[in-house]
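One structure is given below, encoded as structure tokens.
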Amino acid sequence: MYVTLEEAKRHLQIDSEYDGDDLYINSLIDAAEAAVANHLKYDSLDGAFPILPFPVKHAILLMVGNLYANREPVAFAQSYRVPLSYEYLLTPYVNYGS
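Its first residue numbered 1, the sequence shown is counted upward by one per residue in UniProt numbering.
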């Protein structure tokens, strides 16, 4: 994992002592890392970069936050895409070579 549970909980503004959602948050981290790897056209982020660029890590955190806040595929209010900032953060790192 490139994002730790503690980092995700800070990003989500969840008290570090609260552990009721830890398994769920860890699953969101895994899903977000896989989604980012897919967006960047890598099978996995493992070995994709010597050091994971901070914008890529922040995009993972944005995805975790979006998944945590929107647990259902449909919202009864208005639906929104993942913020464009996600794409702006990732676009420079897309692997067009494979």
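For each residue, glycine too, the CB sits at the ideal point set by N, CA and C. Remember, predicted model here, so these are calculated numbers, not experimental data.
Query	Result
Taking only three categories from DSSP, how would you classify TYR18?	coil
What alpha helix (DSSP H) runs, 4 residues minimum, are completely inside the segment 3-73?	5-11, 22-39 and 54-69
With burial defined as no fewer than 16 other Cβ atoms inside 10 Å of the residue's Cβ, what is the status of LYS9: buried or exposed?	buried
Is the beta carbon of VAL56 less than 9 Å from the beta carbon of LEU12?	no
Starting from the Cα of GLY97, find the closest Cα among ASP15, GLU17, TYR42 and ASN26 and give me that residue.	TYR42
How many Å lie between GLU17 and LEU5 at the Cα?	12 Å
Going by DSSP in three states, TYR96 sits in which element: helix, strand or coil?	coil
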